[in-house]
Amino acid sequence: MAKIQAPVMKNEYYEVTFEDLTHEGAGVAKVEGFPIFVENALPDERAKIKVIKVNKGFAIGRLIELQEQSEKRIDAPCPIYSQCGGCQLQHLSYEGQLDFKRKQVEQVLARIGKLDVNKVNVHPTLGMENPWNYRNKAQVPVGEREGGLVAGFYQKRSHDIIDMERCLIQQAENDDVVQAVKTICERYGIRAYNEEKHKGWLRHIMVRYGLVTKEIMVVFVTRTADFPHKNEVITEITNQLPQVKSIVQNINNKKTNVIFGDETNVLWGEEYIYDKIGDVKFAISARSFYQVNPEQTKVLYEKALEYAELTGEESVIDAYCGIGTISLFLAQKAKNVFGVEIVPEAIEDAKRNAELNGIANAEFAVGEAEVVIPEWYKQGNQADVIVVDPPRKGCDEALLKTILDMKPKKVVYVSCNPGTLARDLQVLELGGYKTVEVQPVDMFPHTTHVECVTQLVLNM
Ligand code: SAH
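For the sequence shown, the working numbering assigns the number 4 to the initial residue and increments by one for each residue that follows.
Have a look at this one:
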């Protein structure tokens, strides 16, 4: 094995000053220009560190002693912060987090997208007034300890499940329901799934909560369809938790880390719970994608609507539309909206959601955006505004090419990954668009994730 040339050595100690944060939230310090990434360190801090791994181009270190603290450092409020790994930025003040997210977007747009960030307006991150208890969905693995059940999270870098009563970023209702369901299952002697032996029954408990409607869905993910004490468990849940409107079972019989299996059945009540974002009502099923921070989703969609600058005369495309959330938001202000999404069940939900809201000017199609939209264009259709909200990997090249051919006046790009956003913006810029506004929105406080809404206009 070739020896790695680096100015630092494994197991040696160094005194360093941190300059930056990686996009995973680790501190970055340099020794003779060589970057070392250290968890739980912040920019401007001085510390003694130990190098634990040297790779080609960078090293990993561990914080040994903090010698000078950043003004932005706070005590992480969550008692299990260091074990869990679900949050990465609780030791940074909320203001510091919002700042970090804006800077990160700006850096990536310049580095990957080659955008002139002096001309593009990257706004301060829109944060939450109270950045806690925001998640509307809890998804907890279930295990066993000394005969009882544990439900919580996998300890960082392991498969041990740690019991958790409270997660500070969850809606409290979700935690309460998880605890209640766990206790009921325990009482009936229901065994947790055992990964190694591929035995036992209960793998995950998922709870979804409609923030506006207060409706709750409980989903059991189980190894097999049979269900000991099924009726008693259901009766207990409905007696104890009157806000539960739906109890669903998903069956996952595979030896896998993937949470859900292919089969989903309603055990009791409705197939859906409902929630509202602004004036639009949505039906949410166990498996459909729905943003996890409803309060900030409203902020995000309102920004998308603002950037679309609709007058009521426009034809709009919503690519990667999911259950039609953005489409229906836009339809209120557009002539018509055409939503495209790859998951057939999501499109069924989108159509149902249009009906539910009496929205008649939205149409939906199943398929890959990069196939459906070029065909739609070839058939002679046109759009004035195109909104895209792709998954982390960004837009397919064929879709970007069609946008450049179709030349809508505006493109609104909603992105959960600044890296692929930057890559795609460069393609659109080279094709004649100008990036005007970039608005980071904090959908996931205390984690390193950052969502952006970007407005592009045709530059001619
Ligand atoms: N706009 C929606 C969903 C965004 S998530 C909302 O805000 O709720 C991205 C969506 O893109 C997912 O629903 C995913 O199923 C879908 N998707 C992934 N690849 C796709 C493709 N090639 N074509 C169309 N949709 C795709």
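Where a beta carbon is used, it is the ideal one built from N, C-alpha and C, also for glycine.
Annotation note: the stretch 166-241 contains the following uninterrupted alpha helix (DSSP H) runs of length 4 or greater, listed N- to C-terminal: 175-190. Annotation: the continuous beta strand (DSSP E) that includes Leu270 extends over 266-272.
Here Ile389 has Ile320, Ala322, Ile406, Pro411, Val414 as same chain residues with Cβ atoms under 7 Å from its own Cβ, once five neighbours each way along the sequence are excluded. Closer than 6 Å to some heavy atom of the ligand SAH: that describes the Cβ of Glu344. Burial is judged here by how many other beta carbons sit within 10 angstroms of a residue's own beta carbon; Leu313 has at least 16 and is buried. For the ligand SAH, a non-hydrogen atom lies closer than 6 Å to the CB of Glu371. In the pairwise beta carbon analysis, the stretch 60-67 is classified as not touching the stretch 427-434: fewer than three pairs are separated by under 8 Å. For Gly99, the enclosing alpha helix (DSSP H) has its first and last residue at 97-114. In the DSSP annotation of this structure, Val11 is not part of any beta strand (DSSP E), being labelled neither H nor E. The three-state secondary structure of Ser73, taken from DSSP, is coil.
From the listed residues Lys217, Glu239, Thr238, Thr267, the smallest Cα separation to Phe223 is found for Thr267. The C-alpha of Ser330 is placed about 13 Å away from the C-alpha of Gly361.
With a cutoff of 6 Å, Gly325 counts as near the ligand SAH, since its C-beta is closer than that to a heavy atom of the ligand. With a cutoff of 6 Å, Phe341 does not count as near the ligand SAH, since its C-beta is closer than that to no heavy atom of the ligand. Taking the Cα positions, Lys301 is about 49 Å away from Pro10. Within the chosen limit of 6 Å, the ligand SAH does not reach the beta carbon of Ile115 with any heavy atom. DSSP places Val261 outside both helix and strand once states are collapsed to three, so it counts as coil. Around the beta carbon of Tyr416, a 10 Å sphere encloses 16 or more other beta carbons of the protein chains shown; the residue is thus reported as buried. When secondary structure is reduced to three states using DSSP, Lys301 falls in the helix class. If you draw a 10 Å sphere on the C-beta of Asn462, you find fewer than 16 other C-beta atoms in it, and that means exposed. Rounded to whole angstroms, Ala228 and Gly203 show a C-alpha spacing of 12 Å. In this structure Lys104 is buried. Its beta-carbon is surrounded by 16 or more other beta-carbon atoms within 10 angstroms.
Asp78 sits exposed, since fewer than 16 C-beta atoms from the chains shown fall within 10 Å of its C-beta. Judged by their CB atoms, Phe21 and Ala29 are not nearer to each other than the 7 Å cut-off.
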